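Encoded as structure tokens, the structure appears first; notes follow it.
2 protein chains.
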Amino acid sequence: MNTNTQTTRLYHSTLSPFCRKVRLVLAEKKIEVELVEEKYWENPPDLKRRNPAGKLPVLRHRGHMLAESQAIVEYLDEVVADPALMPRQPLDRHEVRRLCAWFDDKFNSEVTQPIMNERVWKKITRSGYPDSRAVKDGLRAIKEHIDYLTTLLEARRWLAGNAISLADFTAAAHFSCLDYISDVDWDRSEAVRDWYATIKSRPAFRSVLADQVPGIHPAPHYAELDFG
Amino acid sequence: MNTNTQTTRLYHSTLSPFCRKVRLVLAEKKIEVELVEEKYWENPPDLKRRNPAGKLPVLRHRGHMLAESQAIVEYLDEVVADPALMPRQPLDRHEVRRLCAWFDDKFNSEVTQPIMNERVWKKITRSGYPDSRAVKDGLRAIKEHIDYLTTLLEARRWLAGNAISLADFTAAAHFSCLDYISDVDWDRSEAVRDWYATIKSRPAFRSVLADQVPGIHPAPHYAELDFG
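Given below as structure tokens:
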């Protein structure tokens with residue numbers, strides 16, 4: 001492993017939407033990164049030293065340790081200007097941030113977390129069997145979210161406006177985790193399916209689509225670019 | 229009530245830390261605002277129209293409806309430059325955002341939410357009696373947070389650096405809710421007590437210190453400026 005502290009390094013967990021968000025933005029910005037997989041549920045001794053919050057992702061960039069996915073991606077957008085993933089006008093910037101919070105807070109607590117907890121984390125950490133009611137609640141909630149995105153995409157090319165932004169990568173990070181275990185009903189909305197197919201076909205998505213988690217096989221269509 | 233859509237109006241709930249964060253930043257920026265108290269637990273019919281996420285706060289500003297407290301305060305800092313509540317350097321900006329997330333995510337889920345849920349919201353919404361274990365967990369967790377802030381304040385005048393920032397108002401919003409019901413052990417850290425006494429004495433805090441929630445009396449020291 002390269003121990004040069006100038007190497008950009010991401011401490012992450014493969015199926016965490018917050019880690020994927022940072023990976024996608026790094027890749028979109030063409031920032032080379034060394035990925036270090038962390039079993040955060042085993043409380044690795046160095047995690048709290050790198051991030052006192054004890055959470056992933058942690059990005060080492062230019063010798064600094066950075067934490068909190070939204071704070072990291074806004075930082076990356078500020079230090080690597082091209083391609084810009086934030087618009088310039090305050091009102092447009094608010095809309096990007098509102099939708100980032102929508103996914104990292106509301107979508108995460110209603111959909112990603114319950115489904116991934118039951119179907120993935122309990123298996124990986126050997127902490128019991130899936131609670132089918134929690135999964136069912138998550139699968140019901142995702143429908144409302146897909147419907148909301150559909151109304152957004154009626155008026156916009158991307159989620160927060162006509163340019164791709166941090167909002168799209170935040171949303172795609174969550175969807176990609178669920179899609180790995182095949183829990184997205186893509187038939188519900190052509191607009192949302194097309195949006196995801198378009199973002200998924202970007203070079204930035206390649207590393208995420210190549211992910212393989214031991215013991216948890218990706219859905220057959222997971223890495224396919226033409227899955228409509 | 230003034231129905232001019234150009235009036236700045238905040239739909240809020242008095243003891244929500246997220247609403248207080250926006251109120252404090254509005255006041256610090258000297259933006260006059262009309263406060264509209266919402267009983268969000270009764271699902272007011274217009275709430276989802278104003279914010280599809282169905283959450284408070286919602287700010288109407290210059291005719292636009294804005295949601296998500298962090299997205300709102302960053303917007304306010306961008307449209308009203310003076311006083312600046314975000315530093316200029318990307319690394320410093322990251323630190324502010326990391327600490328905002330620390331409070332709105334980690335501190336909120338470990339401290340504010342369990343304590344306020346048990347001691348305040350159950351009473352207001354008449355949905356049962358406090359679970360003393362949840363309160364105890366919250367009171368244990370707040371100690372670790374105060375210790376962490378103490379280490380930050382050893383090297384800095386304000387939480388994220390030597391200038392006051394959104395991080396201080398975010399933290400103060402959470403502490404002020406807990407202080408209303410007297411659940412902060414200010415004796416644990418002189419540094420944190422002094423930090424809170426200083427921010428509390430700013431004119432921006434006046435409206436928050438005048439709050440009175442029917443049926444829930446503030447702690448005797450709540451509005452006192454010299455409480456050390």
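Line by line, the protein sequences are chains P and G.
Those letters in the first sequence? Residues 1 to 228, per my numbering, in order.
Those letters in the second sequence? Residues 229 to 456, per my numbering, in order.
Yeah, the Cβ is synthetic: ideal placement off N, Cα and C, and Gly gets one too.
Just so we're clear, the structure is a prediction, and the values are computed from it rather than from any experiment.
Nearest CB-CB separation between residue 326 of chain G and chain P: below the 8 Å threshold. Note on geometry: alpha-carbon atoms of residue 116 of chain P and residue 178 of chain P lie some 7 Å from one another.
From the listed residues G:423, G:409 and G:354, the smallest Cα separation to residue 440 of chain G is found for G:409. Neighbourhood of residue 281 of chain G in chain P, by CB distance below 7 Å: 102 and 106, in chain order. Taking the CA atoms as reference points, residue 283 of chain G sits about 12 Å from residue 273 of chain G. If you draw a 10 Å sphere on the C-beta of residue 111 of chain P, you find 16 or more other C-beta atoms in it, and that means buried.
Taking the Cβ atoms as the reference, residue 389 of chain G lies roughly 17 Å from residue 302 of chain G, outside the contact range of under 8 Å. Among the residues of the segment 62-81 of chain P, those with a Cβ less than 8 Å away from any Cβ of chain G are 64, 66, 67, 68, 70, 71, 72, 74, 75, 78 and 79, in the order of the chain.
In this chain, the alpha helix (DSSP H) harbouring residue 133 of chain P covers 132-155. The residue from G:396, G:262, G:447 and G:451 with its alpha-carbon nearest to that of residue 427 of chain G is G:396. Counting only residues of its own chain and dropping the five nearest sequence neighbours on each side, residue 400 of chain G has a CB closer than 6 Å to the CB of 427.
In this structure, the beta-carbon distance from residue 57 of chain P to residue 18 of chain P falls below 8 Å. Taking a cut-off of 8 Å for Cβ pairs, the segment 123-132 of chain P and the segment 144-162 of chain P do not touch, as fewer than three such pairs fall below it. The segment 292-308 of chain G makes contact with the segment 255-269 of chain G; the number of CB pairs closer than 8 Å reaches 3 or more. Within the same chain, Cβ atoms closer than 6 Å to the Cβ of residue 25 of chain P are found at 73, 76 and 169, the five residues on either side in sequence being excluded. Under the DSSP definition of a beta bridge, residue 11 of chain P partners with P:36 and P:58. In the structure shown, the three-state DSSP call for residue 116 of chain P is helix.
Per the DSSP secondary-structure output, residue 216 of chain P pairs in a beta bridge with P:213. In the structure shown, residue 255 of chain G adopts helical secondary structure according to DSSP, grouped into three states. In this structure, DSSP gives residue 419 of chain G a helical state, which the three-state scheme calls helix. Interface with chain P (8 Å Cβ-Cβ cutoff): residue 402 of chain G is excluded. Within the model, the alpha-carbon separation for residue 122 of chain P versus residue 391 of chain G is close to 44 Å. Taken through DSSP and simplified to helix, strand or coil, residue 322 of chain G comes out as helix. Taking the CA atoms as reference points, residue 383 of chain G sits about 48 Å from residue 192 of chain P. Around the C-beta of residue 249 of chain G, 16 or more other C-beta atoms lie within 10 Å, and the residue is accordingly described as buried. Contact with chain P is absent for residue 252 of chain G, since none of that chain's Cβ atoms lies less than 8 Å from the residue's Cβ. Using beta-carbon distances, residue 12 of chain P does not count as an interface residue toward chain G, since no partner is under 8 Å.
Look at residue 268 of chain G: its C-beta is not under 8 Å from any C-beta on chain P. Judged by DSSP in its simplified three-state form, residue 160 of chain P adopts coil rather than helix or strand. Judged by DSSP in its simplified three-state form, residue 304 of chain G adopts helix.
Taking a C-beta distance under 8 Å as the contact criterion, residue 98 of chain P and residue 329 of chain G do not qualify as a contact pair. C-alpha of residue 431 of chain G to C-alpha of residue 444 of chain G: approximately 24 Å in a straight line. Using a Cβ-Cβ cut-off of 8 Å, residue 85 of chain P is close to nothing in chain G; its nearest Cβ partner there is about 14 Å away. Under the DSSP assignment, residue 166 of chain P falls outside any beta strand (DSSP E), being part of the alpha helix (DSSP H) whose first and last residues are 166-180.
Taking C-beta atoms under 8 Å as the contact rule, residue 86 of chain P and residue 166 of chain P qualify, at a distance of about 6 Å.
Annotation for residue 275 of chain G: the continuous alpha helix (DSSP H) segment containing it runs 275-278.
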